[in-house]
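Converting from the sequence shown to the numbering used here requires adding 1 to each position, the first position being numbered 1.
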Amino acid sequence: MKYTVDGSLCSGHGRCYLLAPQTYESDDDGFNRHLDEPVEVPAGREGAARTGAGGCPERAITLHL
Ligand code: F3S
2 MKYTVDGSLC SGHGRCYLLA PQTYESDDDG FNRHLDEPVE VPAGREGAAR
52 TGAGGCPERA ITLHL
C-alpha cells in the first residue's frame, strides 16, 4: 500500500500524524511532510494509514492498494 497527500489540499490540520504517528510525518510548519509523492506504508501499518487518512478534514490523503 502507498499513500499520496495532495499538496493543494493539505492545510496543516495535523490529524493524520496525530492519529497515525508511525505512518505520517509533520514538516516544520505542521503540514504533512510528503506532499504530491507516493509514499510506501510500512508493513503492518495499513490500518493506521486508513485511520489517519480518514481523519483528514480536507480529504487530502489518497490510499493506493
Ligand atoms: Fe494535511 Fe490533512 Fe494531515 S490537512 S496535515 S493531510 S490531516
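Where a beta carbon is used, it is the ideal one built from N, C-alpha and C, also for glycine.
Inset, instruction - Give me the Cα-Cα distance between residue 45 and residue 62, rounded to the nearest whole angstrom. - result: The residue labelled residue 45 in the question sits at position 44 within the sequence shown. The residue labelled residue 62 in the question sits at position 61 within the sequence shown. Each residue's Cα considered, the two are about 18 Å apart.
Inset, instruction - Count the other C-beta atoms from every protein chain shown that fall within 10 angstroms of the C-beta of residue 53, then say buried if there are 16 or more, exposed otherwise. - result: Indexing the sequence shown from 1 puts residue 53 at position 52. Buried: at least 16 other Cβ atoms inside 10 Å.
Inset, instruction - Could you check the C-alpha separation between residue 5 and residue 16 for me, to the nearest Å? - result: Here residue 5 refers to the residue found at position 4 when the sequence shown is read from its first residue. Here residue 16 refers to the residue found at position 15 when the sequence shown is read from its first residue. Spanning the two alpha carbons is a distance of roughly 15 Å.
Inset, instruction - For residue 14, verify whether its CB is less than 8 Å away from any heavy atom of the ligand F3S. - result: Numbered from 1 along the sequence shown, position 13 holds the residue referred to as residue 14. Checking the Cβ of residue 14 against the ligand F3S gives yes.
Legend entry - Residues near residue 41 by beta carbon distance below 8 Å, same chain, minus five either side: Mapped onto the sequence shown, residue 41 falls at position 40. Answer for residue 41: 2 and 3, listed in chain order.
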